[in-house]
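Asks:
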Amino acid sequence: MKSWLYDISLWGYWQGIKIAAPFNEKANLFKKGRQNWKTELRTKFEKIEQPVAWFHCASLGEFEQGRPVIEAFKEEYPDYKILLTFFSPSGYEIRKNYDKADTIMYLPLDTQKNAEFFVETVNPKIAFFIKYEFWHHFIEETAKRDIPLLSVSTIFRKDQHFFKGNKQGKQEKESNFSVKMLERFTYFFVQNKLSKDLLNSINISTVSIAGDTRFDRVAHIVSQRKELPILERFVEQNKLLVVGSSWQEDIEIIAPAFEKLKKSNLKCKVKLVIASHNISESDLQNIEKAFHFIKTMRYSKVNLKGQENIQDLQQADVLIIDNIGLLSSIYSYGDVAYIGGAFGKGLHNILEAATFGMPIIFGNKSYHKFQEATDLLEKKGAFTVSNAKELENLLNKLFTDSYFKEQINEITREYVIQNTGATTQVMDFCKTIL
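With UniProt numbering, the residue at position 117 of the sequence shown is 117, and numbering never jumps.
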């Protein structure tokens, strides 16, 4: 790709956003969020005296990878102001009140004039781009001003445009616009050896394998988990399957598998907690309809002060979570976790469940781009299923073969422990350049 083609592509993208904005909520947020950004930037940064560290994330998932570094940086360098930018509304709208950043805003469209104004006004002392973020003009402007630019939790694939045109493993760099973009980075902290090898193949050596900073985040979650009295009364001495971030496609195989499981001759009683990725009323009702054959109860309807309500909770087989912010703590009560999304657009976060040491189950389709999923499958700490029968058989074995399950628990727990430390590597590097 050439620079002019890149600019035309972005211009076309922006025109498409403006056309879609009146009819699409996400496009409207994308457009509105970038109005008056220059005024906001001038107000926040033109007269600022403190140094600025700029963190950029595409969306919510990348934010979770950047978060451990933001918080470690804030602790190590308390005099710095933290600027956090997002590309997508799904990141900004959820994290716009994040208290560890001093300013949170959308990243302006990546044009030369926008990037020049942005970087000149903010004048960051250091910049962090998380995972997949590669914006040509912003990268060029940081390079022009000798601003250290770090790529954190980066992961590359052979089929990405950066590595196309290789001849005998070497890239024709002179004509490759994309490779020149990568060369502007001060340092890459990549997730795996393949990513390092790919960068080395285009003669980029400023790279180390640090792993995924999300491991540091989820390891911290263990010590910060909330006690949930409702979960304690619901589970009691029973076994618990936790379904995290479910979609309709997941429920369609979980419900019949659970029905068969309840009718089998298990020596233990199994209960189910479902935390859907969407907690709209229609979504909650669809879950209740899918489990019509047993007693369900919504989390918000539980009142532990009423004896009758407690009995209803104890008699329920399925507890439906209808609020947000509890899932990471709920996993601590689980024996097995099923993580949703892999039958659709993509698998959701499996690390929060893994850090509590339990078997992980997910659909057999959209998981391949997630390193932790492929790692745990290879290590036999995770399993894929394609239908209700496979799920039923797997759950039956996990809930009846305690030795088998304990081995898996240890695999997932150790996997998280062995992969922590990426944040420390990033911070150690920062100390050498700041």
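Cβ coordinates follow ideal geometry from the N, Cα and C atoms, glycine included.
Out of M358, E372 and Q425, which one is the CA nearest neighbour of E410?
Replies: Proximity to E410 across M358, E372 and Q425 peaks at M358, based on C-alpha coordinates.
Asks: Just the C-alpha distance for F87 and N393, rounded to the nearest angstrom, thanks.
Replies: 42 Å
Asks: Within the continuous alpha helix (DSSP H) that includes A422, where are the two ends?
Replies: From DSSP, the alpha helix (DSSP H) with A422 extends over A422 to I433.
Asks: Taking Q35 as the reference, give the member of I48, G61 and P108 with the closest Cα.
Replies: Residue P108 is the option with its Cα nearest to Q35.
Asks: Cα separation between S402 and K271?
Replies: 17 Å
Asks: Suppose you measure from the CA of K196 to the CA of S208; what does that come to, to the nearest Å?
Replies: 7 Å
Asks: Spatial neighbours of T432 within its chain, please: C-beta separation below 8 Å, excluding the five flanking residues on both sides.
Replies: none
Asks: Are the segment 255-262 and the segment 297-307 touching, with three or more C-beta to C-beta distances below 8 Å?
Replies: no
Asks: With distances taken from CA atoms, which of R67, F45, I330 and L231 is nearest S153?
Replies: R67
Asks: Whole angstroms is fine: what's the gap from Q183's alpha carbon to R225's?
Replies: Position check: residue 183 holds Glu in this sequence, whereas Gln was assumed. If you draw a straight line from the Cα of E183 to the Cα of R225, it is about 41 Å long.
Asks: Can you give the Cα-Cα distance for G421 and P89, rounded to whole angstroms?
Replies: One C-alpha to the other measures close to 30 Å.
Asks: Quick one: Cα of N97 to Cα of E64, how far?
Replies: 15 Å
Asks: With DSSP as the reference, identify every bridge partner of V270, one or two as the case may be.
Replies: K239
Asks: Which class does Q171 belong to by DSSP, given the choice of helix, strand or coil?
Replies: Note that Q171 scores a pLDDT of 45, beneath 50, so its modelled location is shaky; the value from the coordinates is reported in the next line. If DSSP states are grouped into helix, strand and coil, Q171 belongs with coil.
Asks: So what does V336 bridge to, in DSSP terms?
Replies: L241
Asks: Taking S178 as the reference, give the member of L150, K193, E133 and G211 with the closest Cα.
Replies: E133
Asks: Helix, strand or coil for K81? Go by DSSP, reduced to three states.
Replies: strand
Asks: Under three-state DSSP, which class holds A101?
Replies: Note: A101 maps to coil in three-state DSSP.
Asks: Quick one: using the 10 Å Cβ neighbour count with 16 as the cut-off for buried, is W54 buried or exposed?
Replies: Counting Cβ neighbours within 10 Å, W54 comes out buried, since at least 16 surround it.
Asks: Using the C-alpha atoms, what's the distance from E406 back to T111?
Replies: 54 Å
Asks: Please confirm whether residue 435 and G340 have their CB atoms less than 8 Å apart.
Replies: Given a span of 1 to 434 for the chain in the structure shown, any question on residue 435 remains unanswerable.
Asks: For I321, which of A290, D335 and I274 has the nearest alpha-carbon?
Replies: I274
Asks: Among Q237, A290 and E281, which has the Cα closest to the Cα of K269?
Replies: Q237
Asks: What is the rounded straight-line gap between the Cα of I360 and the Cα of F293?
Replies: 26 Å
Asks: DSSP three-state label for V385, please.
Replies: strand
Asks: Suppose the cutoff is 7 Å on Cβ atoms and the five residues either side in sequence are ignored; what does the same chain contact list for G169 look like?
Replies: Residue confidence is low: G169 scores 45 on pLDDT, short of 50, so the model does not pin down where it sits. No coordinate-derived value is stated.
Asks: Does the beta-carbon of I8 have 16 or more other beta-carbons within 10 angstroms, so that it is buried, or is it exposed?
Replies: exposed
Asks: Write down every uninterrupted run of the beta strand (DSSP E) in the segment 313-373 whose length is 3 residues or greater and which is fully enclosed by it, in chain order.
Replies: 318-321, 336-339 and 360-363
Asks: Leaving out five residues before and five after S3 in sequence, what residues of the same chain have Cβ atoms less than 8 Å from its Cβ?
Replies: Cβ neighbours of S3 beyond the five flanking positions: H136 and F177.
Asks: Mind checking which residues open and close the alpha helix (DSSP H) that includes I48?
Replies: Segment: none, I48 is in no alpha helix (DSSP H) and carries neither H nor E.
Asks: Using only CA atoms, which one of F404, L241 and T39 lies nearest to I330?
Replies: L241
Asks: Would you decide whether D428 is buried or exposed? Buried here means 16 or more other CB atoms lie within 10 Å of its CB.
Replies: For D428, the number of other beta carbons within 10 angstroms of its own is below 16, and it is reported as exposed.
Asks: Report the rounded CA-to-CA distance for V336 versus E390, giving the unit in angstroms.
Replies: 15 Å
Asks: Among L83, D99 and Y338, which has the Cα closest to the Cα of A257?
Replies: Y338
Asks: Check the C-beta distance from T423 over to V222 and give it rounded, since I have them as a contact under 8 Å.
Replies: In fact, because the Cβ distance is near 15 Å, the residues do not count as touching under 8 Å.
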